[in-house]
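First up is the structure itself, then whatever we jot down about it.
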Amino acid sequence: MSQRNSNLRKNRRIENHSRRVEMKLIRITVMGLLAMALFMTCSAVFAQDVNADYDKAYDFSKLKTFNMKIGTSWGNPITEKRVIDEFTSALTKKGWTATDEASADAEVVIHGATQQKHDVNTFYSGYGGWGYYGWGGGMTSAHTTVSQYTVGTLVCDIFDAKAKQLVFRGTASDEVSDKPEKNAKKITKAAEKMFKKFPPGSEKKK
Numbered sequence: 003m004s005q006r007n008s009n010l011r012k013n014r015r016i017e018n019h020s021r022r023v024e025m026k027l028i029r030i031t032v033m034g035l036l037a038m039a040l041f042m043t044c045s046a047v048f049a050q051d052v053n054a055d056y057d058k059a060y061d062f063s064k065l066k067t068f069n070m071k072i073g074t075s076w077g078n079p080i081t082e083k084r085v086i087d088e089f090t091s092a093l094t095k096k097g098w099t100a101t102d103e104a105s106a107d108a109e110v111v112i113h114g115a116t117q118q119k120h121d122v123n124t125f126y127s128g129y130g131g132w133g134y135y136g137w138g139g140g141m142t143s144a145h146t147t148v149s150q151y152t153v154g155t156l157v158c159d160i161f162d163a164k165a166k167q168l169v170f171r172g173t174a175s176d177e178v179s180d181k182p183e184k185n186a187k188k189i190t191k192a193a194e195k196m197f198k199k200f201p202p203g204s205e206k207k208k
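One rule links them: number in the working numbering = place in the sequence shown (from 1) + 2.
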């Protein structure tokens, strides 16, 4: 009888140990999945935001030529040239013609800026709930990550060159990548979105 009890106690210890090991493996797996989800969230922490506003009373049909320049530099000549090229291409596709400043109907001024931002995420492993020993267990651990990223903002102002009147303003914000080719694609996308319905009123005429 004593041998039987001894065997039962031994089996319970083995079973309890197995359960503890299994629970530990489950927590490790959950933490790994949460970390992966957190990484995926941080990698897409900021989506491109493009907006446009304009003078509703202004007749854009009288503007046919334009000259473009950088108004506020953000200290990256290569990117600034890329922005000028992409925005010039977008306006040209809309029927406008690039020319010198003296003869242009419209003056297009590009402003740029960058800003450092932070994103804080915290997740917990074992935050209570049902386990092998019933409800409870409490919060076993917490993991917090702080991700830093740079947001770039472009402002495109279009003036009636003769009247010196602001008639259109487009803005675009997006996370700046450390890979130049990705930033180039983002600039192209921003220009396409900003001038999708340009000039204002052109969609109604079709």
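Note that the Cβ used here is the ideal one computed from N, Cα and C, for glycine as well. As the structure is a prediction and not an experimental result, all values here were calculated from the model.
Below 7 Å CB to CB, which residues in the same chain sit around glycine 203 once its five sequence neighbours on both sides are set aside?
Stepping through the sequence shown from its first residue, residue 203 is reached at position 201. So the qualifying residues of the chain are Phe62.
Please list, in chain order, all residues of the same chain as glutamine 50 whose beta carbon is under 6 Å from its beta carbon, the five residues on each side excluded.
Counting from 1 along the sequence shown, the entry for residue 50 is found at position 48. Taken in chain order, the residues that qualify are Asp176.
By the three-class DSSP mapping on this structure, what secondary structure does valine 153 have?
Walking along the sequence shown from the start, residue 153 turns up at place 151. The answer is strand: DSSP assigns valine 153 an E or B state.
Closest by CA to threonine 190, which one among Thr81, Ile72, Asp102, Leu168?
Counting from 1 along the sequence shown, the entry for residue 190 is found at position 188. Of Thr81, Ile72, Asp102, Leu168, the residue nearest in Cα terms is Thr81.
To the nearest angstrom, how far is it from the Cα of lysine 96 to the Cα of valine 148?
Position 94 of the sequence shown holds residue 96. Position 146 of the sequence shown holds residue 148. Those two C-alpha atoms are separated by around 43 Å.
Taking the beta strand (DSSP E) that asparagine 53 falls in, what are its first and last residues?
Translated into positions along the sequence shown, residue 53 becomes position 51. Asparagine 53 -> beta strand (DSSP E) spans 51-56.
Indicate the three-state DSSP secondary structure (helix, strand or coil) for alanine 93 in the structure shown.
Taking the sequence shown and counting its residues from 1, one reaches residue 93 at position 91. Note that residue 93 is leucine in the sequence shown, not alanine. In the structure shown, leucine 93 sits in a helix (DSSP, three-state: H, G or I).
Which of the three DSSP states is assigned to phenylalanine 87 in this structure?
Taking the first residue of the sequence shown as 1, we reach residue 87 at position 85. The sequence as given places aspartate at residue 87; phenylalanine does not occur at that position. In the structure shown, aspartate 87 sits in a helix (DSSP, three-state: H, G or I).
Using DSSP bridges, identify the partner residues of leucine 168.
The residue you call residue 168 lines up with position 166 of the sequence shown. Paired residues: Phe161.
Should tryptophan 137 be labelled buried (16 or more other beta-carbon atoms within 10 Å of its own) or exposed?
The count along the sequence shown starts at 1 and reaches residue 137 at position 135. For tryptophan 137, the predicted model reports a pLDDT of 42, less than 50, meaning its position is unreliable and no value from the coordinates is stated.
Where does the unbroken alpha helix (DSSP H) through lysine 191 begin, and where does it stop?
Mapped onto the sequence shown, residue 191 falls at position 189. Residues 182-196.
Just how far apart, CA to CA, sit arginine 84 and alanine 186?
Mapped onto the sequence shown, residue 84 falls at position 82. Mapped onto the sequence shown, residue 186 falls at position 184. Roughly 7 Å separates the two Cα atoms.
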